[in-house]
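In my numbering, the protein residues as written are 513 to 664. Just so you know, even glycine gets a beta-carbon here, dropped at the ideal spot from N, CA and C.
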Amino acid sequence: MPRSLRSFWFHSQVIRNITVRMGAGMASNATVDLGQGTADAAAYDAYCHAVAGLVGEGLTRLFVNRDFESEDICGQGIHYWPFCKSEAESGGRTLGLANSMGLFLQKTNIIRDYLEDYVDGRAFWPAEARARARLSRWRTRARAPARATPRF
Numbered sequence: 513m514p515r516s517l518r519s520f521w522f523h524s525q526v527i528r529n530i531t532v533r534m535g536a537g538m539a540s541n542a543t544v545d546l547g548q549g550t551a552d553a554a555a556y557d558a559y560c561h562a563v564a565g566l567v568g569e570g571l572t573r574l575f576v577n578r579d580f581e582s583e584d585i586c587g588q589g590i591h592y593w594p595f596c597k598s599e600a601e602s603g604g605r606t607l608g609l610a611n612s613m614g615l616f617l618q619k620t621n622i623i624r625d626y627l628e629d630y631v632d633g634r635a636f637w638p639a640e641a642r643a644r645a646r647l648s649r650w651r652t653r654a655r656a657p658a659r660a661t662p663r664f
């Protein structure tokens, strides 16, 4: 089989695999009430993995297959994600770095779209993160207006 045909077959398999996994991940989040955010940090990460981490995995596999990147980017990285295969299962190709990139991009999008999501009644940040930041969906602390001259 010519290399171009093998590459086409490989690429179509990667895209099919990622699409099926993304669909399953999105379907599992379709019925979640996001009015008060995700349940916890693990659910937040799982959501971000389903909508963006898998894209990172797929792109990494495609780039490495076409020799656009080295095998090194298929590694774990610093953070161990529970949804990535172990190094023993994957032969060292855990795709942890790819997931980290995807989660970073999705979390950036969530921050960028915070106001729009707030207006639409959605909150993706876990309740525990909002509590740490002392943010509430229904009530924010009013700030006193800044004074033009300091009071002594």
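Check, Outcome
"Proximity winner among L617, G587, D579, relative to G565 (alpha-carbon distances)", "L617"
"C-beta contact flag for P638 and A555 at 8 Å", "yes"
"Of the residues L607, V631, N529, the one placed nearest Q588, counting alpha carbons only", "L607"
"Identity of the residue in W521, V576, E601, C596 nearest S612 by Cα", "C596"
"Distance between beta carbons of I585 and V576, contact taken as under 8 Å", "7 Å"
"Helix, strand or coil at F580 according to DSSP, with G and I counted as helix", "coil"
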